[in-house]
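Q:
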Amino acid sequence: MEEPLKNNISGTFKRGATVGTVALGAMALLLTGCGQAPAPAGGGGSTSGNAAAANYLGCIVSDAGGFDDQSFNQSSYEGMKKTVTDVGIKMKEAQSSTKSDYEPNLNQMANAGCNLTFTVGFLLADATKKVAAANTDLHFAIIDDNSIKAPNVKPVVYDTAQAAFMAGYTAASVSKTGKVGTFGGINIPTVTIFMDGFAEGVAYYNKQQSKDVKVLGWNVDTQQGLFANTFDIIQEGTKATNNLIGDGADVVMPVAGPLGKGAGDAILAANKDGKDVKLVWVDSDGYLTAPTYKSILLTSVVKTMGEAVETIVKDDLAGKFDPAPYIGTLDNGGVALAPFHDLDSAVSADTKSQLDTIKKGIIDGSIKVPSKSSPK
Amino acid sequence: MSETQTVKEPTPPAKESQGSQVFREIMSGSAMISVLAVFVALVIGGILIAVTDPRVSASSGYFFADPGATLSAVWSAVSEAYGALWRGATYDPTARTWQGQLGIFETLTFATPLILSGLAVTLAFRAGLFNIGAQGQILLGATFAGIIGFQMQLPPVIHLLAVILAGAIGGAIWGGIAGFLKARTGAHEVIVTIMLNYIAVSLVLYLLKNQLKAPGSTNPISAQMHDTALFPLLLGPNFRLNAGFILAILAVIVVAWLLNRSTLGFEYRAIGANPKAARTAGMLVSRGYTTVMLISGALAGLAGVAQIAGTEKTLDSDIAGSIGFDAITVALLGRSKPWGTFFAALLFGAFKAGGTSMAVNADVSIDIVAVVQSLIVLFIAAPPLIRSIFRIKAVRREGASA
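Rendered as structure tokens:
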């Protein structure tokens, strides 16, 4: 059946390949364009959400990283998208490419009448403060900043040090060289809070297990360490990671947004040359957001921004908006240590049970994770 | 001595090099080309909006059953997007507050630094120099202006004037370095200015982490400018439009006078048209290169002042945004004429103000604006480039420019 047809077609088209291409293209167009027109929709529309939700406009403005930064912009954005599906609200979004975009973007959201606007990142603090003051009837929530005190602005901050502490403990327990490393994008509190927690987790391991695992790239006392001084140039992450590996680190935690990819690449290359280095991802679960590095991914220090976004929208929708800061902790699940996934066998059962104890200890306050950058 | 080093072209020098000829053609087309370039870029942008629109792709599935549905989906996608762009840039009756409705003032606000930095590129263009370094000059201008603005206490008016002067000096130093190197060593200004852009960012970041950091802050952002150092708002606190816009208009008038009426401007144009002929005519080409880059840098520095003393109020390493590069497009679109640059900057300001509205209200990515802007550059720069690549003789219309 198929053979003669094929011959026939190729015979016909042999003379002019161009003709064939054009004909095929036209056929493709015919085929794709041949669907049935839908019957006119019979009123109603989306009836899933309640009427209040359908009229509710939730908005989000990114910082210069954009919504595809595999970091906090992305997780907040996905949280917003999920809220749209779950609750049935409407949504508007605006990406900023530079600092000068923040205020115009926010103004545009206010113009559109957004009931609640999320601004992602401390960089938007000034713009949020100003636009919120000019639009007192609208609500705002700013992620990773706790500087604004206004009746219509809710700060959303994370005590990331708590989860990073657990990551540091895990890293120290799997290190064979006795050295673990970390580096940051820029020396700012939202970055160094990870590094504080990580270093203190290692110190706690040393104390508990009488070991002497060293932390490269960060000194809690001086608050100085290794920084790429960028959140954009991925190669700088590779460079910093190579330095850490060169100094003997076999677990590396990059705290620099997209530079984590550079770190992952450096580790994959080093492991090909016989090293055995592992990666700790931050912000989101790297196993899901950066699957390229599955094979070297020990764990991730997760800020669950999506949940916070959804909670705040639901509260606001129910008329329960309050400007008290939301602080993500291990207790409320705002921060967490991700599962070990493929490297589960690398972490001993002892360590796992110790991690459970540590988590309980941090939650009940018997283990303190002091960081200068912790939200107060 | 230095003069002979500047000239690197092979003898005989009768025919100007391919590169500078292309360069001159790009810079001297007629205003009609600019208008058509904008128009065609908008049309292609519209096509992109249509093909990426979910309603269009849904209705094209049954195009042959109901072609009208596809066409109306295309129409509503494109008209909504460009409608939102237009309303956001001019007047938007759908906005919630009356301040929000008057987008035209946002357009003027966005246009202010573009006018000043566009003039910087334009002036250098006319002297035959391609100043890619507006970005770095803006940064240095903003930094110098900031040092006066947030670290010093001065009486009102004098403070602002000092800020403006400092910004111009900062930009002039950065531009002047490139001009001086070009004049002394023949170092190509494109390479030097691009490198200086990187140095400027690193320098500003270094200063922001040490000397200029806001007290008590850990972020690489400076303190706020003192109120006396800020441009007064022209229309009250509801609008961002400030006196920087007036400074920009003054700059257009001064540059127009400088280029068309002054001896210095004549010298620059002569050097731009043919440096060898200018030298034969007794002009000091090397001095021309240095001074034009000083003035060009000062203009870009003023754009930095417009940013820091106008809209931004604090210094950070990102204060120049993409202004320094947009300035090149603005100067191209303005055919490197002062008033042409002014109107091109207004158009780009409108794109910026309207682009936000388009992204928010029509759900069209603001990247479409970047695509349209890039297409404009392509359509202006491509014809002479393609002619030169394929050695097609253009119909020469001598004296068509000027």
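Heads up: the sequence lines are chains A and B, in that order. What the first sequence shows, in UniProt numbering, is residues 1 to 376, in sequence order. What the second sequence shows, in UniProt numbering, is residues 1 to 402, in sequence order. Positions of the beta carbon are idealized from the N, C-alpha and C atoms, including for glycine. Just so it is clear, the structure is predicted and the values come from calculations on it, not from any experiment.
Who pairs with Phe-343 of chain B in a beta bridge, going by DSSP?
A: On the second sequence, position 343 is the one that residue 343 of chain B refers to. None; Phe-343 of chain B has no bridge partner.
Q: Return the CA-CA distance between Gly-175 of chain B and Val-277 of chain A, expressed in angstroms with no decimal places.
A: The count along the second sequence starts at 1 and reaches residue 175 of chain B at position 175. The count along the first sequence starts at 1 and reaches residue 277 of chain A at position 277. Their backbone Cα atoms lie some 47 Å apart in a straight line.
Q: For Gly-152 of chain A, which of A:Gln-354, A:Phe-140 and A:Asn-271 has the nearest alpha-carbon?
A: Along the first sequence, read from residue 1 onward, the residue named residue 152 of chain A stands at position 152. Before going further, note that residue 152 of chain A is Asn rather than Gly in the sequence given. Comparing Cα positions, the closest option is A:Phe-140.
Q: Under 7 Å, CB to CB, which of the residues in the segment 128-144 of chain B have a partner in chain A?
A: Correct list: empty, as no residue qualifies.
Q: Any Cβ of chain A within less than 8 Å of the Cβ of Asp-316 of chain B?
A: Residue mapping note: residue 316 of chain B aligns to position 316 of the second sequence, counting from 1. So yes, Asp-316 of chain B belongs to the interface.
Q: Quick one: which residues of the segment 98-114 of chain A get their C-beta closer than 8 Å to a C-beta of chain B? List them in chain order.
A: Within the segment 98-114 of chain A, the qualifying residues are Thr-98, Lys-99, Ser-100, Asp-101, Glu-103, Pro-104, Asn-105, Asn-107, Gln-108, Met-109, Ala-110, Asn-111, Ala-112 and Gly-113.
Q: Quick check: the segment 346-362 of chain B against the segment 104-115 of chain A, are at least 3 beta-carbon pairs closer than 8 Å?
A: The segment 104-115 of chain A, when compared against the segment 346-362 of chain B, does touch it at the 8 Å Cβ threshold.
Q: Quick one: grab the DSSP three-state call for Pro-151 of chain A.
A: For this step, residue 151 of chain A is matched to residue 151 along the first sequence. If DSSP states are grouped into helix, strand and coil, Pro-151 of chain A belongs with coil.
Q: Who pairs with Asp-283 of chain A in a beta bridge, going by DSSP?
A: Here residue 283 of chain A corresponds to residue number 283 of the first sequence, with the count starting at 1. For Asp-283 of chain A, which the question treats as bridged, DSSP gives the partners A:Val-302.
Q: Chain B beta carbons: is any one of them nearer than 8 Å to that of Ser-46 of chain A?
A: Counting from 1 along the first sequence, the entry for residue 46 of chain A is found at position 46. Unreliable positioning characterises Ser-46 of chain A in this predicted model, as indicated by a pLDDT of 43, which lies under 50. The coordinate reading is nonetheless provided below. No, because no Cβ of chain B sits closer than 8 Å to the Cβ of Ser-46 of chain A.
Q: In the DSSP assignment, what are the bridge partners of Asn-242 of chain B?
A: Start at 1 with the first residue of the second sequence, and residue 242 of chain B comes out as number 242. Partner(s): B:Leu-233.
Q: Excluding the 5 residues preceding and the 5 following Glu-103 of chain A in the sequence, name in chain order all residues of the same chain whose CB lies nearer than 6 Å to its CB.
A: Residue numbering aside, residue 103 of chain A sits at position 103 when the first sequence is read from its first letter. For Glu-103 of chain A, where only same-chain residues beyond five positions count, the Cβ hits under 6 Å are Ala-127.
Q: In the DSSP assignment, find the unbroken alpha helix (DSSP H) run with Val-372 of chain B in it and report its ends.
A: Against the second sequence, residue 372 of chain B aligns to sequence position 372. Note, Val-372 of chain B: alpha helix (DSSP H), 367-389.
Q: Could you check whether the Cβ of Gly-321 of chain B sits closer than 8 Å to any Cβ belonging to chain A?
A: Along the second sequence, one-based indexing puts residue 321 of chain B at 321. Yes, its Cβ sits closer than 8 Å to a Cβ of chain A.
Q: Quick check on this structure: which residue in B:Gly-179, B:Gly-103, B:Arg-184 and B:Leu-205 has the alpha carbon closest to the alpha carbon of Ile-194 of chain B?
A: Position 194 of the second sequence, counted from the start, is the residue given in the question as residue 194 of chain B. Cα-wise, what sits closest to Ile-194 of chain B is B:Gly-179.
Q: Hey, is Lys-360 of chain A's beta-carbon within less than 8 Å of any beta-carbon in chain B?
A: Here residue 360 of chain A refers to the residue found at position 360 of the first sequence. No, Lys-360 of chain A lies away from the interface with chain B (no Cβ there is under 8 Å from its Cβ).
Q: Closer than 6 Å by C-beta to Val-204 of chain B: which residues in its own chain qualify, once you throw out the five before and the five after it? Chain order, please.
A: Position 204 of the second sequence holds residue 204 of chain B. By the criterion of a C-beta distance shorter than 6 Å, Val-204 of chain B is surrounded in its chain by Leu-139, Thr-143 and Ser-317, once the five residues flanking it on both sides are discounted.
Q: Check Lys-313 of chain B in the structure and name its three-state DSSP category.
A: Taking the second sequence and counting its residues from 1, the one referred to as residue 313 of chain B is at position 313. Coil.
Q: Helix, strand or coil for His-139 of chain A? Go by DSSP, reduced to three states.
A: Counted from its first residue, the first sequence places residue 139 of chain A at position 139. Strand, per DSSP.
Q: Buried or exposed: where does Ala-290 of chain A fall if 16 or more other Cβ atoms within 10 Å of its Cβ makes it buried?
A: As a position in the first sequence, residue 290 of chain A is number 290, starting the count at 1. The residue is buried, with at least 16 neighbouring Cβ atoms inside 10 Å.
Q: In chain B, what lies closer than 7 Å to Asn-55 of chain A by C-beta?
A: Here the question's residue 55 of chain A lines up with position 55 in the first sequence. Those within 7 Å of Asn-55 of chain A in chain B number zero; the least Cβ separation is about 14 Å.
Q: Does any CB atom of chain A fall closer than 8 Å to the CB of residue 406 of chain B?
A: Residue 406 of chain B lies beyond the stretch modelled for chain B, which goes from 1 to 402, so this question has no answer here.
Q: If Ala-228 of chain A and Leu-259 of chain A are in contact, beta carbons under 8 Å, what's the gap, nearest whole angstrom?
A: Numbered from its first residue, the first sequence carries residue 228 of chain A at position 228. Numbered from its first residue, the first sequence carries residue 259 of chain A at position 259. Right, the Cβ-Cβ distance comes to about 6 Å (below 8 Å), so this counts as a contact.
Q: Is there contact between the segment 309-326 of chain A and the segment 120-136 of chain A, where contact requires at least three CB pairs shorter than 8 Å?
A: no
Q: Which chain B residues are close to Ala-94 of chain A, counting only those with a beta carbon under 9 Å from its beta carbon?
A: By 1-based counting over the first sequence, the position of residue 94 of chain A is 94. Result: Thr-356, Ala-359, Val-360 and Ile-366.
Q: Rounded to whole angstroms, what is the Cα-Cα separation between Ala-26 of chain A and Ile-148 of chain A?
A: Against the first sequence, residue 26 of chain A aligns to sequence position 26. Against the first sequence, residue 148 of chain A aligns to sequence position 148. Bear in mind that the predicted position of Ala-26 of chain A carries a pLDDT of just 49, short of 50, making it unreliable; the figure below should be weighed with that in mind. Straight-line Cα distance between these residues: approximately 59 Å.
Q: Within the segment 66-145 of chain B, note down every full alpha helix (DSSP H) run reaching 4 residues or more, in order along the chain.
A: Runs of the alpha helix (DSSP H) spanning 4 or more residues and lying entirely within the segment 66-145 of chain B occur at 67-89, 98-101 and 104-126, in chain order.
Q: Count the CB pairs spanning the segment 164-177 of chain A and the segment 347-354 of chain A that are closer than 8 Å, and state whether there are at least three.
A: yes
Q: Quick check on Ile-367 of chain A: does DSSP put it in helix, strand or coil?
A: Within the first sequence, the letter at position 367 stands for residue 367 of chain A. Three-state result, Ile-367 of chain A: coil.
Q: At the 8 Å Cβ level, is Gly-236 of chain B part of the contact set with chain A, yes or no?
A: Here residue 236 of chain B refers to the residue found at position 236 when the second sequence is read from its first residue. No, its Cβ sits nowhere closer than 8 Å to a Cβ of chain A.
Q: In chain B, which residues lie less than 8 Å from Asn-229 of chain A when you measure between Cβ atoms?
A: Reading the first sequence from its first residue, position 229 is the one you call residue 229 of chain A. The answer, in chain order, is Leu-205.
Q: Can you tell me which of the three DSSP states Phe-325 of chain B falls into?
A: Walking along the second sequence from the start, residue 325 of chain B turns up at place 325. When DSSP states are grouped into helix, strand and coil, Phe-325 of chain B belongs to the helix group.
Q: Taking the alpha carbon of Val-78 of chain B as the point to measure from, which residue in B:Lys-182, B:Ala-344, B:Leu-108 and B:Gly-46 has its own alpha carbon closest?
A: As a first step, residue 78 of chain B is located in the second sequence; it is residue number 78 there, counting from the start. Ranking the options by Cα distance to Val-78 of chain B, first place goes to B:Gly-46.
Q: Taking only runs that begin and end inside the segment 200-237 of chain A, name each unbroken beta strand (DSSP E) of 3 or more residues, in chain order.
A: 214-216
Q: How about Asn-146 of chain A and Pro-323 of chain A: do their beta carbons lie closer than 8 Å?
A: Position 146 of the first sequence holds residue 146 of chain A. Position 323 of the first sequence holds residue 323 of chain A. Going by C-beta atoms, Asn-146 of chain A is not nearer than 8 Å to Pro-323 of chain A.
Q: Mind checking Met-32 of chain B: buried by the 16 CB within 10 Å criterion, or exposed?
A: Looking up residue 32 of chain B in the second sequence gives position 32. In this structure Met-32 of chain B is exposed. Its beta-carbon is surrounded by fewer than 16 other beta-carbon atoms within 10 angstroms.
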